[in-house]
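In our numbering, the protein residues as written are 2 to 480. Think of the CB as a built atom: it goes at the ideal place given N, C-alpha and C, for glycine as much as any other residue. Reading through the structure tokens given below for one structure.
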Ligand code: NAI
Ligand code: MG
């Protein structure tokens with residue numbers, strides 16, 4: 002028997018979106034010159050107009066950050082800096098519903114996820130790093146660590162506020178000041194965060210937020226007044242940034258793409274693994290750099306897993322992201338939808354078998370049904386390239402060694418999952434896998450205390466935990 006759910010829409014009355022936004026520079030909002038629209042991907046409604054920063058705005062933001070670094074932030078004790086971070090964390094909690102609704106409207110992700118994952122984790126990153134601000138000398142990174150100075154931070158659209166928190170919290174805790182650019186598709190929660198900085202009375206210029214597209218990002222990367230670049234986004238842009246900073250003194254951390262293997266051994270608890278597979282690739286519409294997008298199944302259980310997985314996928318509720326019962330929301334943009342469609346089409350032409358969960362997709366907005374491809378081989382593009390959508394490629398193996406070889410046969414190495422009842426097998430496999438984060442009998446679990454980052458083309462450096470602090474300090478860890 003199948004139950005239908007009555008709509009349970011979250012109210013949007015808690016947010017007030019301005020018709021037009023400027024940049025946040027030196028503690029104040031300054032008007033932009035050119036603008037581009039912020040679009041709700043679930044409805045195609047234009048939510049607001051976002052300013053496009055050019056040379057003058059980026060330069061003003063860098064100068065404000067430098068001034069704040071020199072006269073205020075680098076002179077302040079860790080204890081004082083920590084107070085501001087605690088304040089920001091508490092205000093984010095107090096305004097969490099506002100942030101969650103705004104994130105869902107701007108990004109298309111289900112309100113259940115922005116409310117229960119993105120916003121609480123963003124606040125947790127500020128709480129965690131607030132605690133470190135006056136204890137850096139006990140972090141095992143040496144007793145005379147120094148911040149870099151001004152950090153330029155460029156973030157993507159898949160976890161807008163959370164990626165901001167991953168960047169801003171450790172930078173401030175370690176004594177750096179910041180020029181941050183949100184992704185062009187999702188600027189609104191960063192602009193609300195700027196209001197939080199004002200509310201917390203953070204000294205002017207410590208956090209500056211300029212909005213814009215890749216051209217604005219490139220201006221930040223190439224600005225001579227920036228000491229450190231932190232980027233999360235595509236491997237393609239990561240490579241451009243690596244080339245741009247190579248001849249300079251700038252430090253850089255890069256969090257790039259992934260094509261994670263989620264390996265199911267025959268002794269795994271299959272019903273739990275099904276939940277882990279679903280969470281691994283359909284969480285946040287699959288717009289997750291560490292998504293478990295390659296399912297690597299032991300042949301002896303492959304038929305059972307696929308049958309159960311299809312049944313479970315049929316229960317995924319796709320639709321209005323503002324509905325509290327929705328599991329899978331809108332694809333973030335038209336461009337991303339086209340990319341998902343194009344890569345999925347290569348799955349068909351290269352001989353894999355497509356199956357999509359039956360569901361009614363809304364007429365307006367950008368949507369893609371949860372989909373799996375079986376019969377995928379290593380040669381297929383859908384086994385090698387990041388789709389960044391709700392699409393799972395299924396491969397099989399016979400021996401444990403074959404599973405490892407397939408899992409590691411990728412230019413990426415961000416994350417991996419292992420499902421097995423046997424502890425020794427989990428330990429053996431996790432030592433063989435070349436991935437920065439390895440989950441066993443779970444997937445997509447995040448915590449500010451745990452370092453996150455990749456091998457190979459998945460990036461340089463770590464974010465979170467003690468390792469993440471080192472990325473914002475001179476002379477320690479990954480440079
Ligand atoms: P992107 O890498 O172009 O955008 C990420 C950020 O970089 C945005 O803020 C953008 O404005 C900025 N940017 C773009 N070009 C730049 C440049 N030359 N210099 C400095 N900053 C620049 O990613 P995009 O185009 O949104 O997505 C393309 C693909 O990248 C996705 O389909 C997905 O596969 C992957 N991706 C991976 C992410 C991750 O979390 N690792 C996040 C977003 C995208
Ligand atoms: Mg791009």
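Alpha-carbon to alpha-carbon, residue j and residue i
i, j, result
"residue 1", "residue 47", "The displayed coordinates of the chain run from 2 to 480. Any statement about residue 1 would go beyond what the structure contains."
"residue 342", "residue 54", "31 Å"
"residue 107", "residue 188", "8 Å"
"residue 95", "residue 441", "34 Å"
"residue 15", "residue 324", "15 Å"
"residue 166", "residue 124", "8 Å"
"residue 276", "residue 52", "41 Å"
"residue 9", "residue 163", "25 Å"
"residue 471", "residue 99", "33 Å"
"residue 382", "residue 350", "10 Å"
"residue 1", "residue 254", "Here the chain comprises residues numbered 2 to 480, so residue 1 is not present and cannot be evaluated."
"residue 23", "residue 50", "9 Å"
"residue 39", "residue 449", "29 Å"
"residue 289", "residue 454", "13 Å"
"residue 1", "residue 214", "Within the shown structure, residues of the chain are numbered from 2 to 480, placing residue 1 beyond reach of any answer."
"residue 369", "residue 41", "16 Å"
"residue 363", "residue 424", "44 Å"
"residue 464", "residue 259", "16 Å"
"residue 211", "residue 198", "14 Å"
"residue 321", "residue 43", "7 Å"
"residue 429", "residue 456", "19 Å"
"residue 257", "residue 93", "27 Å"
"residue 338", "residue 144", "49 Å"
"residue 31", "residue 204", "17 Å"
Nonlocal neighbours in the same chain, by C-beta distance under 8 Å from residue i, ignoring five residues either side
i, result
"residue 397", "297, 298, 299, 300, 303"
"residue 372", "345, 355, 356, 357, 358, 391, 392, 393"
Residues that residue i bridges to, as DSSP identifies them
i, result
"residue 357", "372"
"residue 24", "31"
"residue 440", "418"
"residue 53", "35"
"residue 324", "10"
"residue 252", "229"
"residue 481", "Residue 481 lies beyond the stretch modelled for the chain, which goes from 2 to 480, so this question has no answer here."
"residue 40", "47"
"residue 244", "Looking at the DSSP assignment, residue 244 forms no beta bridge with any residue, so it has no partner."
"residue 182", "155"
"residue 262", "295, 417"
"residue 284", "According to DSSP, residue 284 bridges with nothing at all."
"residue 474", "148"
"residue 453", "464"
"residue 210", "25, 181"
Close beta carbons around residue i, own chain, < 7 Å, minus the five adjacent residues each side
i, result
"residue 480", "Because the pLDDT of residue 480 is 41, which lies under 50, any placement of that residue in the model is unreliable, and the question is left without a value."
"residue 45", "365, 366"
"residue 421", "266, 268, 269, 427"
"residue 157", "164, 184, 233, 234"
"residue 218", "155, 182"
"residue 63", "151, 180, 224, 226, 227"
"residue 36", "21, 50, 51, 52, 53"
Same chain, Cβ closer than 6 Å to residue i, neighbours up to 5 away in sequence not counted
i, result
"residue 280", "444, 445"
"residue 484", "There is no way to answer for residue 484, as the model of the chain reaches only from 2 to 480."
"residue 384", "377, 394"
"residue 319", "329, 360"
"residue 170", "126, 127, 130"
"residue 326", "6, 9, 318"
The ligand NAP heavy atom lying under 7 Å from the CB of residue i
i, result
"residue 188", "Looking for the ligand NAP in the displayed structure turns up nothing; the ligands present are the ligand NAI and the ligand MG."
* Hey, is the stretch 275 to 285 in contact with the stretch 249 to 258, meaning 3+ C-beta pairs nearer than 8 Å? -> no
* **the stretch 113 to 121 in contact with the stretch 139 to 153 per 3-pair CB rule at 8 Å** => no
* Asked: Is there contact between the stretch 179 to 192 and the stretch 263 to 270, where contact requires at least three CB pairs shorter than 8 Å?
  -> no
* Considering only residues of the stretch 381 to 414, which uninterrupted alpha helix (DSSP H) runs meet the minimum length of 4 residues and lie entirely inside it, listed in chain order? -> 382 to 385, 401 to 409
* Quick one: any contact between the stretch 72 to 84 and the stretch 231 to 244, if contact means 3 or more CB pairs under 8 Å? -> no
* Does the stretch 412 to 426 come within contact of the stretch 456 to 473, defined as at least 3 CB pairs closer than 8 Å? -> yes
* **Stretch-stretch touch, CB-based, cutoff 8 Å, three pairs: the stretch 86 to 102 with the stretch 125 to 136** => yes
* Can you check the stretch 330 to 357 for any beta strand (DSSP E) of at least 3 residues that lies completely inside it and give the ranges in chain order? => 354 to 357
* Start-end ranges of the alpha helix (DSSP H) lying completely within the stretch 145 to 169, minimum 4 residues -> none
* To do: Enumerate, from N- to C-terminal direction, the unbroken alpha helix (DSSP H) stretches of 4 or more residues contained entirely within the stretch 96 to 144.
  => 97 to 108, 120 to 133
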